[in-house]
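Per numbering that gives the first Met the number 0: the sequence shown = residues 0 to 299.
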Amino acid sequence: MAAKILRVFVAFLMLLSPTLPDLLDLPKIAKGQELKLEERFELIWEDEFEGEELDKTKWNDNQSVDTLHWGPIRKGGYWHKDMIDVRDGNLVISTQYKSEPLEGETFGSPDKYGVGYYTGMIATQGKADFLYGYYECRAILPKSTGMWSAFWMMNGGVYNQDGSGQDGTEVDIFESMYYKDEWWGAGDCVISGIHFDGYDGMHQGDSIGRFFANNPYEEYNTYGLEWTPEEYIFYINGQETGRLNKGGVSQNPEYLILSCEIAGQDGVAYADRHGTGPISLKEGETAEFIVDYVRVYEHK
Ligand SMILES: [Ca+2]
Ligand SMILES: [Ca+2]
Numbered sequence: 000m001a002a003k004i005l006r007v008f009v010a011f012l013m014l015l016s017p018t019l020p021d022l023l024d025l026p027k028i029a030k031g032q033e034l035k036l037e038e039r040f041e042l043i044w045e046d047e048f049e050g051e052e053l054d055k056t057k058w059n060d061n062q063s064v065d066t067l068h069w070g071p072i073r074k075g076g077y078w079h080k081d082m083i084d085v086r087d088g089n090l091v092i093s094t095q096y097k098s099e100p101l102e103g104e105t106f107g108s109p110d111k112y113g114v115g116y117y118t119g120m121i122a123t124q125g126k127a128d129f130l131y132g133y134y135e136c137r138a139i140l141p142k143s144t145g146m147w148s149a150f151w152m153m154n155g156g157v158y159n160q161d162g163s164g165q166d167g168t169e170v171d172i173f174e175s176m177y178y179k180d181e182w183w184g185a186g187d188c189v190i191s192g193i194h195f196d197g198y199d200g201m202h203q204g205d206s207i208g209r210f211f212a213n214n215p216y217e218e219y220n221t222y223g224l225e226w227t228p229e230e231y232i233f234y235i236n237g238q239e240t241g242r243l244n245k246g247g248v249s250q251n252p253e254y255l256i257l258s259c260e261i262a263g264q265d266g267v268a269y270a271d272r273h274g275t276g277p278i279s280l281k282e283g284e285t286a287e288f289i290v291d292y293v294r295v296y297e298h299k
C-alpha cells in the first residue's frame with residue numbers, strides 16, 4: 000500500500016518534471032515504449048527450468064568455470080553449487096548462513112570456503128554467447144537487506160581498457176539491492192546499468208537509475224534488455240525503463256549470468272557502498288532468488 004502511494008507521488012513528480020525523482024533520489028516509473036515482443040522478436044534460446052536439476056548443456060556454475068573471475072569468495076559471501084536448485088518449474092538460488100563451511104573444488108583444487116553466507120551463480124559462459132536481440136527473465140527476488148540478485152551479461156572484453164565499451168561491456172539487466180521494510184515502500188525497485196574498461200582506475204559506467212517493479216520480492220516480474228548495435232534498452236514487464244549507450248555499445252557476443260551476492264568483502268558480510276544495509280538474513284533462514292525462465296530472442 001505504501002509503495003502504491005509512493006508510486007502515485009512519483010508519477011505526479013514525473014508529470015511536473017521527469018528529472019525530479021532523480022533529484023530527490025526516488026525510484027522512477029517505467030513509461031517508455033512497449034516491447035511488442037511477438038511482433039518484433041523471434042525466440043532463439045530458452046531455459047524454462049522444467050527439469051529436476053540444472054541443465055548443464057546450457058549453464059555452468061562458478062565451480063565449473065574459470066575461477067579467476069568467479070569465486071569461491073564473492074564479495075561478502077561464498078558462491079557454491081549446492082545453493083543452486085531446479086524445482087517446481089523454477090531455478091532457485093538460495094542464500095543461507097552456514098556455521099559449518101561447505102566443501103568444494105574447482106578443476107581438482109580445493110576451494111577455500113569458510114563460515115559465512117552462502118549463495119550462488121550460474122552463467123552460460125562456455126556454453127552459449129549471444130549478440131544483440133532481446134533477453135528476458137521472469138523472477139521473484141530474494142528477501143533480505145545486504146544482498147542482491149542480478150540478471151546480467153559479460154564477456155572478456157569488459158577488462159580491455161581502451162576508452163570504449165564496444166569491445167565488451169557488463170550489462171546489468173537488473174540488480175536488486177533495495178529490499179527494505181520501509182513504510183514508504185521505496186524498496187520495491189531495481190536498478191539497471193553498464194560497466195566497461197575494467198573495474199579499477201579506468202572503469203567507466205552509466206545507469207538508468209532505479210525503477211519500480213510490481214511487488215518484486217513477492218511476485219513475478221519480467222526484467223528485459225533489448226541490445227542493438229546502437230543502444231541498450233531496458234524493460235520491466237515489457238515497458239521501457241531507459242536507454243544507455245555510453246562508450247559505445249558492445250559489438251561482441253556476451254554470456255548471461257544469474258547470481259546472488261552479499262554486501263561486504265573477502266567473504267565477510269557488512270554494509271558496503273552499494274547501500275543495501277547490513278544483511279538481515281539470520282542463521283536458519285533462507286532467502287530465495289526464484290527464476291521462472293530465461294529467454295533469448297533475435298530481432299525479426
Ligand atoms: Ca573497453
Ligand atoms: Ca519455468
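Backbone N, C-alpha and C define an ideal beta-carbon position, used for all residues, glycine too.
Query, Result
"Rounded straight-line distance, which links the Cα of residue 170 to that of residue 290", "19 Å"
"Classification of residue 6 by the beta-carbon crowding that lies within 10 angstroms, buried from 16 upward", "buried"
"Reduced DSSP secondary structure (H/G/I, E/B, other) of residue 28", "coil"
"Proximity to residue 96 [Cα-Cα], best of 47, 295, 280", "280"
"Alpha carbon of residue 202 to alpha carbon of residue 55, nearest angstrom", "33 Å"
"Cβ shell of residue 104 (< 8 Å), same chain only, five flanking positions each side left out", "62, 110"
"Residue 158 in three-state terms, based on DSSP", "helix"
"Beta strand (DSSP E) runs wholly inside the segment 244-273, at least 3 long, in chain order", "254-261"
"Heavy atom of ligand 2 within 7 Å of residue 234 beta-carbon", "no"
"Inter-stretch contact (C-beta, 8 Å, three-pair minimum) for the segment 262-277 and the segment 106-126", "yes"
"Inter-residue CB distance, residue 261 and residue 74 (contact presumed, cutoff 8 Å)", "6 Å"
"Given 8 Å, three or more beta-carbon pairs between the segment 117-134 and the segment 225-237", "yes"
"CA-to-CA distance, residue 258 to residue 216, given in whole angstroms", "16 Å"
"Start-to-end residues for the alpha helix (DSSP H) that takes in residue 90", "Looking at the DSSP string, residue 90 is not in any alpha helix (DSSP H); the run it does join, the beta strand (DSSP E), is 89-97."
"Residue 4: first and last residue of the uninterrupted beta strand (DSSP E) it sits in", "Taken as a continuous stretch (DSSP letters only), residue 4 belongs to no beta strand (DSSP E), being part of the alpha helix (DSSP H) at 1-15."
"Extent of the continuous beta strand (DSSP E) to which residue 36 belongs", "Looking at the DSSP string, residue 36 is not in any beta strand (DSSP E); the run it does join, the alpha helix (DSSP H), is 36-39."
"Test item, CB below 7 Å from any non-hydrogen atom of ligand 2", "47, 48, 49, 88, 89, 291, 292"
"Touching by the beta-carbon criterion (3+ pairs, under 8 Å), the segment 144-154 and the segment 171-178", "yes"
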